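Q: In our numbering, the protein residues as written are 4 to 615.
Here's a structure for you.
This is the structure in structure tokens:
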């Protein structure tokens with residue numbers, strides 16, 4: 004199989020390189036350089052409280068990117084007054100050239116065939132995708148994992164070096180599509196020193212066969228079906244624990260399946276979909292990092308558009324369970340239901356309301372007898388999570404002066420039940436927000452005023468946080484200078500008693516020099532154009548050097564066209580983008596409940612950024 008992949012890529016690379024030489028070289032710049040530098044200095048001081056950070060901290064970071072005919076070589080560094088960190092990922096490179104319907108994946112890459120097969124796992128190697136019309140094909144091969152030697156100090160069992168490769172074929176039409184993939188991953192047995200092997204560590208091979216199709220049965224009805232089969236084989240010799248002089252040969256084969264099917268009905272105003280998914284216990288693949296296995300999902304979802312699109316209702320309900328083979332001590336069932344309503348009756352009004360219910364049922368049987376049938380010796384746990392959210396917005400005003408009023412709120416209730424009795428471990432969360440915003444476009448001035456409320460009820464402790472928020476922002480000099488100011492005042496309550504008061508103020512001033520230069524250049528261009536408009540239009544008269552007579556205008560224009568012009572080389576200008584910002588924050592906290600204390604914090608930050 005390895006020889007097949009090598010031969011395949013030799014042919015693919017040869018065809019691609021010729022196409023790239025003819026189509027791309029000469030049309031783009033061979034070398035491109037880009038990068039940036041960021042410098043920040045933070046001053047911090049605390050009065051009446053602990054110093055939670057250094058009084059003066061400096062940050063310096065930069066990046067440099069070099070591109071040579073599409074090859075990207077990045078370099079980054081970070082420096083503070085406490086540590087220096089350089090990072091150059093030259094040992095990890097990736098290249099994704101493409102030409103028409105051919106795309107290559109070279110270096111450190113990731114590709115996906117199916118959620119049950121090859122699915123986003125990083126590998127060092129090569130891959131290719133071909134999509135000529137109705138047909139499509141994908142192929143890849145590479146190293147998925149380096150060898151990891153066993154480490155007794157960290158209780159690491161180690162692992163083998165792992166390689167993998169696969170092929171996926173597809174065919175699409177207007178009525179549907181078909182796809183089939185094969186993935187093979189294997190451990191390299193000689194990649195670890197056998198003298199340090201863990202007796203339970205044996206090399207494995209994995210084959211995953213996957214197929215799927217999507218068919219349009221009717222103009223509004225479609226069917227999707229997918230099936231995958233994963234096979235693991237384990238072989239090797241391990242030492243017998245009773246007789247150290249002999250080895251025991253192990254040959255083990257494990258097979259797992261995954262199913263997925265859905266039927267969908269989609270119309271302009273209505274939609275309905277039924278989904279079913281089942282993944283066997285222990286299902287895994289060398290082409291993916293993690294799998295949720297031992298589960299069965301059944302869901303129904305739908306939606307409807309009402310009043311010519313002014314209202315939209317969507318919802319879903321589903322059930323998930325595990326312990327498909329009934330061999331676990333714990334068995335869990337989950338019910339999920341949700342509904343969402345969006346409405347916009349006019350251009351000024353819009354809102355949203357949603358509700359979701361997530362409930363979990365867990366049955367625990369005695370571990371000494373997992374097949375016991377006496378219900379009195381089992382424990383049933385329920386967890387119910389109800390969540391509701393809502394928002395309402397109203398916009399009004401003219402073009403130069405606009406207003407917006409927003410209201411949002413949410414309620415979340417979590418309850419734990421054991422054998423139909425409340426355990427008291429539940430909690431309730433409430434949030435409410437009211438905000439008003441105004442935008443005065445002639446002055447590029449934006450302001451906002453709001454009030455926030457949060458409440459948390461857990462066991463015997465109830466906490467509340469509430470207070471107003473004020474914000475103002477302004478843009479000047481055609482966006483070259485931007486100022487922002489926000490003020491917040493909050494009170495925290497515990498069991499209806501004031502526990503603390505918090506006041507905070509933050510500001511930010513940001514200037515972009517190149518926008519100032521652009522503004523100045525526009526003003527100069529405007530002045531020069533005005534001067535050209537008032538300049539008198541005088542016709543230039545040209546006389547013959549032989550006769551002294553005036554030459555016709557047509558002959559003068561013809562001679563001017565024939566006269567060669569000096570071609571000046573085009574200068575390449577370095578496009579610099581800079582910004583300078585000054586920001587700060589002041590926080591005052593007063594502890595009222597319990598030990599009475601008060602402390603203040605001041606933070607000032609200066610940041611300069613340049614990129615090219």
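All C-beta atoms, glycine included, are put in the ideal place defined by N, C-alpha and C.
Every value quoted in this text rests on a predicted model; they were computed, and no experiment measured them.
Using only CA atoms, which one of 578, 509, 613, 615 lies nearest to residue 586?
A: By 1-based counting over the chain shown, the position of residue 586 is 583. Answer by Cα proximity: 509.
Q: With respect to the beta strand (DSSP E) encompassing residue 435, which residues constitute its N-terminal and C-terminal limits?
A: Stepping through the chain shown from its first residue, residue 435 is reached at position 432. Run containing residue 435: 430 to 443, per the beta strand (DSSP E) assignment.
Q: Name, in chain order, the residues that DSSP records as bridge partners for residue 127.
A: Start at 1 with the first residue of the chain shown, and residue 127 comes out as number 124. Per DSSP, 111, 146.
Q: Where DSSP assigns a beta bridge to residue 32, which residues make up the other side?
A: As a first step, residue 32 is located in the chain shown; it is residue number 29 there, counting from the start. For residue 32, which the question treats as bridged, DSSP gives no partner whatsoever.
Q: Nearest to residue 111 by alpha carbon, out of 495, 125, 105?
A: In the chain shown, the residue the question calls residue 111 occupies position 108. That would be 125, whose Cα lies nearest to the Cα of residue 111.
Q: Reducing DSSP to helix, strand and coil, say where residue 11 ends up.
A: Within the chain shown, the letter at position 8 stands for residue 11. Because residue 11 sits at a pLDDT of 39, beneath the cut-off of 50, its placement in the model cannot be relied upon, and the point is left open.
Q: Measuring alpha carbon to alpha carbon, tell me which residue in 293, 281, 470, 285 is nearest residue 299.
A: Within the chain shown, the letter at position 296 stands for residue 299. Comparing Cα positions, the closest option is 281.
Q: Starting from the Cα of residue 107, find the closest Cα among 292, 142, 122, 456 and give me that residue.
A: Taking the first residue of the chain shown as position 1, residue 107 is located at position 104. Checking every option, the nearest Cα to that of residue 107 belongs to 142.
Q: Taking the straight line between their C-alpha atoms, what separation do you get for residue 239 and residue 144?
A: Taking the first residue of the chain shown as 1, we reach residue 239 at position 236. Taking the first residue of the chain shown as 1, we reach residue 144 at position 141. Roughly 25 angstroms between the two C-alpha positions.
Q: Can you tell me which residues form a DSSP beta bridge with residue 276?
A: Against the chain shown, residue 276 aligns to sequence position 273. Paired residue(s): 267, 304.
Q: Is DSSP giving residue 192 helix, strand or coil here?
A: Here residue 192 refers to the residue found at position 189 when the chain shown is read from its first residue. Here residue 192 sits in helix by DSSP.
Q: Assuming contact is defined by CB atoms lying nearer than 7 angstroms, are residue 228 and residue 267 in contact in what I supplied?
A: Residue numbering aside, residue 228 sits at position 225 when the chain shown is read from its first letter. Residue numbering aside, residue 267 sits at position 264 when the chain shown is read from its first letter. For residue 228 and residue 267, no; Cβs fall outside 7 angstroms.
Q: Contact defined as beta carbons within less than 8 angstroms: I believe residue 304 pairs with residue 319. What is the distance between those atoms, to the nearest angstrom?
A: Residue numbering aside, residue 304 sits at position 301 when the chain shown is read from its first letter. Residue numbering aside, residue 319 sits at position 316 when the chain shown is read from its first letter. Rounded, the Cβ-Cβ distance is 4 angstroms, consistent with contact.
Q: Residue 59 to residue 274, Cα distance in whole Å?
A: Walking along the chain shown from the start, residue 59 turns up at place 56. Walking along the chain shown from the start, residue 274 turns up at place 271. Roughly 59 angstroms separates the two Cα atoms.
Q: For residue 456, name the three-state secondary structure that DSSP assigns.
A: Within the chain shown, the letter at position 453 stands for residue 456. Of the three classes helix, strand and coil, the one that applies to residue 456 here is strand, per DSSP.
Q: Between which residues of its own chain and residue 62 is the CB-CB distance below 6 angstroms, once the five residues before and five after are set aside?
A: As a first step, residue 62 is located in the chain shown; it is residue number 59 there, counting from the start. Around residue 62: 43, 83.
Q: Alpha carbon to alpha carbon, how far is residue 69 from residue 34?
A: Position 66 of the chain shown, counting from 1, holds the residue named residue 69. Position 31 of the chain shown, counting from 1, holds the residue named residue 34. So the two alpha carbons sit approximately 7 angstroms from each other.
Q: Does DSSP put residue 153 in a helix, in a strand, or in coil?
A: Indexing the chain shown from 1 puts residue 153 at position 150. Coil at residue 153, not helix or strand.
Q: Using 7 angstroms as the threshold, is the C-beta distance between residue 120 and residue 184 below it?
A: The residue given as residue 120 occupies position 117 in the chain shown. The residue given as residue 184 occupies position 181 in the chain shown. It is a contact, given that the beta carbons lie within the stated cut-off.
Q: Please classify residue 206 as buried or exposed, where buried requires at least 16 neighbouring CB atoms within 10 angstroms.
A: The sequence position of residue 206 within the chain shown is 203, counting from 1. It is buried - the Cβ of residue 206 has at least 16 other Cβ atoms within 10 Å.
Q: List the residues that DSSP assigns as beta-bridge partners of residue 322.
A: To locate residue 322, count along the chain shown from 1; it is residue 319. Residue 322 pairs with 301, 338.
Q: For the beta strand (DSSP E) that residue 292 lies in, which residues bound it at each end?
A: For this step, residue 292 is matched to residue 289 along the chain shown. It is not in any beta strand (DSSP E) - residue 292 carries neither H nor E in the DSSP assignment.
Q: Between the alpha carbons of residue 53 and residue 47, how many angstroms are there, rounded?
A: For the purposes of this step, residue 53 is identified with residue 50 of the chain shown, where counting begins at 1. For the purposes of this step, residue 47 is identified with residue 44 of the chain shown, where counting begins at 1. Roughly 12 angstroms separates the two Cα atoms.
Q: If you check the beta carbons only, do residue 219 and residue 225 fall under 7 angstroms apart?
A: The residue labelled residue 219 in the question sits at position 216 within the chain shown. The residue labelled residue 225 in the question sits at position 222 within the chain shown. Yes, the Cβ-Cβ distance between residue 219 and residue 225 is below 7 angstroms.
Q: Have a look at residue 330 and residue 187 and give me their C-alpha separation to the nearest angstrom.
A: Within the chain shown, the letter at position 327 stands for residue 330. Within the chain shown, the letter at position 184 stands for residue 187. Using only the alpha carbons, I get a separation of about 30 angstroms.
Q: Pick helix, strand or coil for residue 395, following the three-state DSSP scheme.
A: Taking the chain shown and counting its residues from 1, the one referred to as residue 395 is at position 392. Correct three-state label for residue 395: strand.
Q: DSSP three-state call for residue 480: helix, strand or coil?
A: Indexing the chain shown from 1 puts residue 480 at position 477. Here residue 480 sits in coil by DSSP.
Q: Which of the three DSSP states is assigned to residue 100 in this structure?
A: Within the chain shown, residue 100 is the residue found at index 97, counting from 1. Coil at residue 100, not helix or strand.
Q: Short check: CB of residue 412 to CB of residue 437, under 7 angstroms?
A: Taking the chain shown and counting its residues from 1, one reaches residue 412 at position 409. Taking the chain shown and counting its residues from 1, one reaches residue 437 at position 434. Cβ distance not < 7 angstroms, so residue 412 and residue 437 don't count as in contact.
Q: Tell me whether residue 604 is buried or exposed, calling it buried when 16 or more other Cβ atoms sit within 10 Å of its Cβ.
A: By 1-based counting over the chain shown, the position of residue 604 is 601. Result: buried.
Q: Between residue 351 and the rest of its own chain, which residues show a CB-CB distance below 8 angstroms, the 5 nearest in sequence each way excluded?
A: Counted from its first residue, the chain shown places residue 351 at position 348. So the qualifying residues of the chain are 397, 398, 399.
Q: Leaving out five residues on either side along the sequence, give the residues of the same chain with a beta carbon under 6 angstroms from the beta carbon of residue 472.
A: As a first step, residue 472 is located in the chain shown; it is residue number 469 there, counting from the start. If we look at residue 472 and ignore the five residues flanking it on each side, its Cβ neighbours are 453, 491.
Q: If you follow the beta strand (DSSP E) that residue 614 is in, where does it begin and where does it stop?
A: As a position in the chain shown, residue 614 is number 611, starting the count at 1. Note, residue 614: beta strand (DSSP E), 600 to 614.
Q: Would residue 579 and residue 615 qualify as a contact pair, given that the criterion is a beta-carbon distance under 7 angstroms?
A: Working through the chain shown from its first residue, we reach residue 579 at position 576. Working through the chain shown from its first residue, we reach residue 615 at position 612. Yes, the pair counts as a contact, with Cβ atoms nearer than the cut-off.
Q: Give the straight-line distance between the Cα atoms of residue 468 and residue 433, rounded to the nearest whole angstrom.
A: Your numbering for residue 468 matches position 465 in the chain shown. Your numbering for residue 433 matches position 430 in the chain shown. Cα-Cα distance, rounded: 11 angstroms.
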